[in-house]
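Only one structure is covered here, and it is reproduced in the block below.
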Ligand code: 5RP
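In the working numbering, the protein residues as written are 40 to 304.
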């Protein structure tokens, strides 16, 4: 692997082999998402606990201090919206020149396997990989399900992750599933990070699935709403960080969460 590619990946994936990516890219198809109306304010207390920030160029340019020292994963696919016809009908939205100009550590884009736009999104991935590999920039593929959340089961996720890795993604982001998640990770030759999905009823559910996912081989998370849409985002990110980087159990994470919430840690 070239030095530049290695250097960027090592900024994202920490020395312990683990990673906590904080995504705030939801506005690219959802508009001003709840608790993300002012992304710059949302991330202020959280950034110090994240290993990287995932977002679009518009939010990066307008809401994030260029002097911040966290690596950026730039979302470069889009062109659809929640009120449009089909979320899978995405294009690549950012040129390689812009990607380089913004000095990002990686880019990310969605693939929609099994959808009407499967071929389009997968060839978007291969073209992006070709452009980015020339400059040592890793591509993180997001295995997206659009509105069909029920698709989040092991056989489908394993298929998506493997295809994304075969086509050149350096990291794959996918959903956690409670059954056979280890098969998803084992079938994917590149590191896997878990997406959070819609906000859960309890914080403990998040600690449980992050813990189980990491035990089964994920290197960490790319998890947004279950941090910044919660009532106690700092407590949430610190507890999740402790599971990923300090091997906390869900019980220990819950206890840390309560302590931070109470101002005791
Ligand atoms: C949106 C994304 C998000 O980055 C991803 O879904 C993670 O965020 P969350 O934990 O809120 O699901 O790729 O398309």
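All residues carry an ideal CB built from backbone N, CA and C; glycine is no exception.
### Message
For residue 194 and residue 303, I'd like the C-alpha separation in whole angstroms.
### Response
Straight across, the Cα-Cα distance linking residue 194 with residue 303 is about 43 Å.
### Query
So, helix, strand or coil for residue 162, using DSSP?
The answer is helix: DSSP assigns residue 162 an H, G or I state.
### Query
For the ligand 5RP, is there a heavy atom less than 7 Å away from the beta-carbon of residue 262?
Residue 262 Cβ: within cutoff of the ligand 5RP.
### Query
For residue 93, which residues does DSSP report across the bridge?
According to DSSP, residue 93 bridges with 62, 112.
### Query
Taking the Cβ atom as the reference point for each residue, do residue 204 and residue 227 lie within a distance shorter than 8 Å?
Yes. Within cutoff.
### Task
Write down the C-beta distance between residue 259 and residue 215 rounded to the nearest angstrom, noting that I regard them as a contact closer than 8 Å.
Not a contact, Cβ separation roughly 12 Å.
### Query
Are the CB atoms of residue 113 and residue 143 nearer to each other than 8 Å?
In contact: residue 113 and residue 143 (Cβ atoms closer than 8 Å).
### Query
If you draw a straight line from the C-alpha of residue 198 to the C-alpha of residue 207, how long is it?
Residue 198 and residue 207: Cα-Cα distance of roughly 15 Å.
### Query
Since residue 265 contacts residue 274 with CB under 8 Å, what's their CB separation in whole angstroms?
Not quite, the Cβ-Cβ distance comes to about 12 Å (not below 8 Å), so this is no contact.
### Query
In chain order, what residues of the same chain lie with their CB nearer than 6 Å to the CB of residue 185, ignoring the 5 residues before and after it?
The answer, listed in chain order, is 126, 127.
### Query
Can you find at least 3 beta carbon pairs, one from the segment 81-88 and one from the segment 66-73, that sit closer than 8 Å?
The segment 81-88 is not in contact with the segment 66-73.
### Task
Count the C-beta pairs between the segment 241-248 and the segment 50-69 that are closer than 8 Å, then say yes if the count reaches three, no if not.
They do not touch, by the three-pair rule.
### Query
Any heavy atom of the ligand 5RP closer than 7 Å to the CB of residue 183?
Yes, since a heavy atom of the ligand 5RP falls inside the 7 Å radius drawn around the Cβ of residue 183.
### Task
Select from 116, 122, 187, 213 the residue whose C-alpha is nearest the C-alpha of residue 168.
Closest in alpha carbon position to residue 168, among 116, 122, 187, 213, is 116.
### Query
Can you tell me whether DSSP reads residue 222 as helix, strand or coil?
If DSSP states are grouped into helix, strand and coil, residue 222 belongs with the helices.
### Query
Is the beta carbon of residue 248 less than 8 Å from the beta carbon of residue 293?
Contact: no.
#### Entry: Per DSSP, the bridge partner or partners of residue 214
The secondary-structure analysis by DSSP pairs residue 214 across a beta bridge with 234.
### Query
In chain order, what residues of the same chain lie with their CB nearer than 8 Å to the CB of residue 262, ignoring the 5 residues before and after it?
So the qualifying residues of the chain are 59, 60, 61, 62, 233, 234, 235, 245, 249, 279.
### Length at least 4, wholly inside the segment 155-200: the alpha helix (DSSP H) runs in chain order
The segment 155-200 contains, as complete alpha helix (DSSP H) runs of 4+ residues, the segments 157-172 (chain order).
### Task
Helix, strand or coil for residue 258, going by three-state DSSP, please let me know.
Coil, per DSSP.
### Message
Quick check: residue 256 and residue 218, are their CB atoms within less than 8 Å of each other?
### Response
Residue 256 is not a Cβ neighbour of residue 218, given a cutoff of 8 Å.
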